[in-house]
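**Student:**
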Amino acid sequence: MKKILVFLTVMLMFSVKAQEKTLAPTPPMGFMTWNYFGVDFTENDIKTMADAMVANGLVDLGYNYMCIDDGWQGGRDNKNNIIADPKKFPSGVKALADYLHSKGIKLGMYSDAAPLTCAGYTASLGFEEQDAKTFASWGVDYLKYDYCGAPSDAETAKNRYKKMANALRKIGRDIVFAICEWGDRYPWEWASHSGGQLWRTTADVRDKWASYAPTNKDLHREGAGIFDIMNSNASLSGYAKKGAWNDPDMLVVGLYGKKGPSGDLGGKGCTDIEYQSQMSLWCLMAAPLMITCDIRTMNEPTRKILTNKDIIAIDQDKLGKQAKRVVYKDNWHVFLKPLANGDYAIGILNNADETRTYELKFGEIGLKGTYDIYNVWTKERESSLHFIKKQVKSHETLVFRISK
Ligand code: GAL
Numbered sequence: 145m146k147k148i149l150v151f152l153t154v155m156l157m158f159s160v161k162a163q164e165k166t167l168a169p170t171p172p173m174g175f176m177t178w179n180y181f182g183v184d185f186t187e188n189d190i191k192t193m194a195d196a197m198v199a200n201g202l203v204d205l206g207y208n209y210m211c212i213d214d215g216w217q218g219g220r221d222n223k224n225n226i227i228a229d230p231k232k233f234p235s236g237v238k239a240l241a242d243y244l245h246s247k248g249i250k251l252g253m254y255s256d257a258a259p260l261t262c263a264g265y266t267a268s269l270g271f272e273e274q275d276a277k278t279f280a281s282w283g284v285d286y287l288k289y290d291y292c293g294a295p296s297d298a299e300t301a302k303n304r305y306k307k308m309a310n311a312l313r314k315i316g317r318d319i320v321f322a323i324c325e326w327g328d329r330y331p332w333e334w335a336s337h338s339g340g341q342l343w344r345t346t347a348d349v350r351d352k353w354a355s356y357a358p359t360n361k362d363l364h365r366e367g368a369g370i371f372d373i374m375n376s377n378a379s380l381s382g383y384a385k386k387g388a389w390n391d392p393d394m395l396v397v398g399l400y401g402k403k404g405p406s407g408d409l410g411g412k413g414c415t416d417i418e419y420q421s422q423m424s425l426w427c428l429m430a431a432p433l434m435i436t437c438d439i440r441t442m443n444e445p446t447r448k449i450l451t452n453k454d455i456i457a458i459d460q461d462k463l464g465k466q467a468k469r470v471v472y473k474d475n476w477h478v479f480l481k482p483l484a485n486g487d488y489a490i491g492i493l494n495n496a497d498e499t500r501t502y503e504l505k506f507g508e509i510g511l512k513g514t515y516d517i518y519n520v521w522t523k524e525r526e527s528s529l530h531f532i533k534k535q536v537k538s539h540e541t542l543v544f545r546i547s548k
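If you count by this note's numbering, then the sequence shown holds residues 145 to 548, one letter each, in order.
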C-alpha cells in the first residue's frame, strides 16, 4: 500500500511538472524603449512604434514584445500602488496593454530591486507583491527587473530576484521575468533558480564595435561594444537552454550613433556590416532580440538585417542551444549551433581590420562527411562539401545553415 502511495505521488509530481509552462521557450523578441527614447516617451510613441512593428511585418516574424524600459513611473498613489506618469500615459497602462494585445503584441515593463530605478524613478523593493498584482491587472506580460541601488553581494541579489519572481508566480499570470544585474554576480549560475527566464550577462551595450576592455568592470566604465559583449557571452553557452537564456543586451542595429544611452561611452555608431554581425552573433548565441532603433523610419539595410527569416529561425530554433565558439584564434571566431532538425548553424567572424579568407574544414570541428551549405545572408547554396572557404570582410560574420 505504502509503495503504491509513493508511486502515485511521484506520478502526480511528474504530471504537475509536465504541465508547468515554459515561459520563454525561445528567446523573447521585440522592441525595447531604452536606447532610442531613454526616459523620454509617451503612450503615443509606444503606440506608433507598435503600429510600425505590425506594418513592417516584425510581429509576424516573432518580434512580439513591446518593452517599456525605465522612465514610465509616476510614483505611488495614496494606497501605495505604483502608478504610471499621467503625463506620459494619459490613458493609463491598461488601455495601452489592451491596444498592444489587440495587435498581437505583448507588454513588457521595467522595475528595480531597490527603492529607486537606475534613472531615479520609483521601484519595487518592499512592494513586490503589490506591484506584481498591479502589473498583472494592467496586462503586463514581461518584467525587466534591474539592480541599481541594491547591495553588491550575490546573496541579496538572489533573494531580491526570487522575491519578485515568487510574487509574479503567485498572481498566476504568465509574466516573463528578465533579470538585469549586468552579469556582475555571475547570474548564469543562479538566475534560473531565482525565477528568471533570462538574465543579462554584461554591462550595457553601446553603439560601437569594441573597446576591448578586459573585464566586465572595465566594460562598465569604457563602454561595451558588440564584439566585447559577444566575447563575454560566448563562453556562457553551457548555461543557456529552453526557457533560460543568456541575455547579451539589446540590438543596436540601425541606431547609427544616435545620442542617448547607447551613444554614451564611445557609442559613435557602427557600419551596416557590424550591425549585421550583431544580428548574426546574437542569433547564433540564442539571445533575446530586442530592437531599439526607430522602426517607424528605419532604412533598407536595417530592415533587411532585422527581418531575415533564416537568421531569426536560427535564434528561435526549438532545440534552444546557444552556439559554442569552436575556433578562437588569429582574430577568427567560429561558432557552431546544433539545430532541432539535425542541421547546424555555423558563424565565421573576422575580427581583423582587413578582409581575409577562411577555410573551415568540417572535420576540424567534429562534423563528419559532407554537407549542403546555405548562406543565410546571400541565400547562396552549395552542395556536398566537407568545408567552407570564404572571404570575410573586417568585422563581418558569415552565417551558414548546413544540412546532410
Ligand atoms: C540599466 C540597464 C539598462 C536600462 C537602464 C535604465 O541598468 O542595464 O538596460 O534598463 O538601466 O535606467
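Virtual Cβ for every residue (Gly too), placed ideally from N, Cα, C.
If you're wondering where the values come from, they're calculated on a predicted model, not measured in any experiment.
Any heavy atom of the ligand GAL closer than 7 Å to the beta-carbon of residue 326?
**Tutor:** Position 182 of the sequence shown, counted from the start, is the residue given in the question as residue 326. Checking every heavy atom of the ligand GAL against the Cβ of residue 326, one is found closer than 7 Å.
**Student:** Between residue 263 and the ligand NAD, is the CB less than 7 Å from at least one heavy atom?
**Tutor:** As far as ligands go, the structure on display features the ligand GAL and does not contain the ligand NAD.
**Student:** Taking the runs of the beta strand (DSSP E) that are 3 residues or longer, which of them lie wholly in the region 179 to 263?
**Tutor:** DSSP runs (the beta strand (DSSP E)) wholly in the region 179 to 263: 209 to 211, 217 to 220, 226 to 228 and 250 to 256.
**Student:** Rounded to whole angstroms, what is the Cα-Cα separation between residue 512 and residue 495?
**Tutor:** Residue mapping note: residue 512 aligns to position 368 of the sequence shown, counting from 1. Residue mapping note: residue 495 aligns to position 351 of the sequence shown, counting from 1. Residue 512 and residue 495 have their C-alpha atoms spaced approximately 27 Å apart.
**Student:** Looking at the unbroken alpha helix (DSSP H) that takes in residue 360, where does it start and where does it end?
**Tutor:** Reading the sequence shown from its first residue, position 216 is the one you call residue 360. Its alpha helix (DSSP H) spans residues 360 to 366.
**Student:** Within the same chain, show all residues whose beta-carbon is closer than 8 Å to that of residue 330, passing over the 5 residues directly before and after it, in chain order.
**Tutor:** Taking the sequence shown and counting its residues from 1, one reaches residue 330 at position 186. So the qualifying residues of the chain are 298.
**Student:** Taking the alpha-carbon positions, what's the residue 176 to residue 475 distance?
**Tutor:** Here residue 176 refers to the residue found at position 32 of the sequence shown. Here residue 475 refers to the residue found at position 331 of the sequence shown. Their backbone Cα atoms lie some 32 Å apart in a straight line.
**Student:** From residue 251 to residue 227, what does the alpha carbon distance come to, in whole angstroms?
**Tutor:** To locate residue 251, count along the sequence shown from 1; it is residue 107. To locate residue 227, count along the sequence shown from 1; it is residue 83. Approximately 16 Å, taken between the alpha carbons.
**Student:** I'd like the span of the alpha helix (DSSP H) that includes residue 444, first residue to last.
**Tutor:** Looking up residue 444 in the sequence shown gives position 300. Where residue 444 is concerned, the enclosing alpha helix (DSSP H) stretches over 444 to 450.
**Student:** With a threshold of 7 Å on Cβ separation, who are the neighbours of residue 424 within its own chain once the five nearest residues in sequence on each side are excluded?
**Tutor:** In the sequence shown, counting from the first residue as 1, residue 424 sits at position 280. Cβ within range, chain order: 455, 491, 541 and 543.
**Student:** Rounding to the nearest angstrom, what Cα-Cα distance links residue 309 and residue 241 in this structure?
**Tutor:** Taking the first residue of the sequence shown as 1, we reach residue 309 at position 165. Taking the first residue of the sequence shown as 1, we reach residue 241 at position 97. If I take the Cα positions, the gap works out to 21 Å.
**Student:** Count Cβ pairs between the region 349 to 361 and the region 306 to 324 that sit closer than 8 Å; are there 3 or more?
**Tutor:** no
**Student:** Taking the alpha helix (DSSP H) that residue 535 falls in, what are its first and last residues?
**Tutor:** Against the sequence shown, residue 535 aligns to sequence position 391. First-last for residue 535: 531 to 536, but that is the beta strand (DSSP E), not the alpha helix (DSSP H).
**Student:** Under the criterion of a Cβ to heavy atom distance below 7 Å, does residue 254 qualify as lining the ligand GAL?
**Tutor:** Counting from one through the sequence shown, the residue named residue 254 turns up at place 110. Flag set: Cβ of residue 254 near the ligand GAL.
**Student:** Is residue 181 buried or exposed, if buried means 16 or more other CB atoms sit within 10 Å of its CB?
**Tutor:** Locating residue 181 in the sequence shown gives position 37, counting from the first residue. Buried: at least 16 other Cβ atoms inside 10 Å.
**Student:** Taking the straight line between their C-alpha atoms, what separation do you get for residue 115 and residue 261?
**Tutor:** Residue coverage of the chain in this structure runs from 145 to 548, which leaves residue 115 outside it and unanswerable.
**Student:** On the three-pair Cβ rule with 8 Å, is the region 404 to 424 touching the region 368 to 388?
**Tutor:** yes
**Student:** Beta carbon of residue 184: closer than 7 Å to some heavy atom of the ligand GAL?
**Tutor:** Counted from its first residue, the sequence shown places residue 184 at position 40. The answer is no for residue 184.
**Student:** Comparing the CB of residue 292 with every heavy atom of the ligand GAL, is any distance shorter than 7 Å?
**Tutor:** To locate residue 292, count along the sequence shown from 1; it is residue 148. Yes, the Cβ of residue 292 comes within 7 Å of a heavy atom of the ligand GAL.
**Student:** Using a Cβ-Cβ cut-off of 7 Å (strictly less than) and excluding sequence neighbours within five positions of residue 482, which residues of its own chain qualify?
**Tutor:** Taking the sequence shown and counting its residues from 1, the one referred to as residue 482 is at position 338. Here residue 482 has 463, 465 and 488 as same chain residues with Cβ atoms under 7 Å from its own Cβ, once five neighbours each way along the sequence are excluded.
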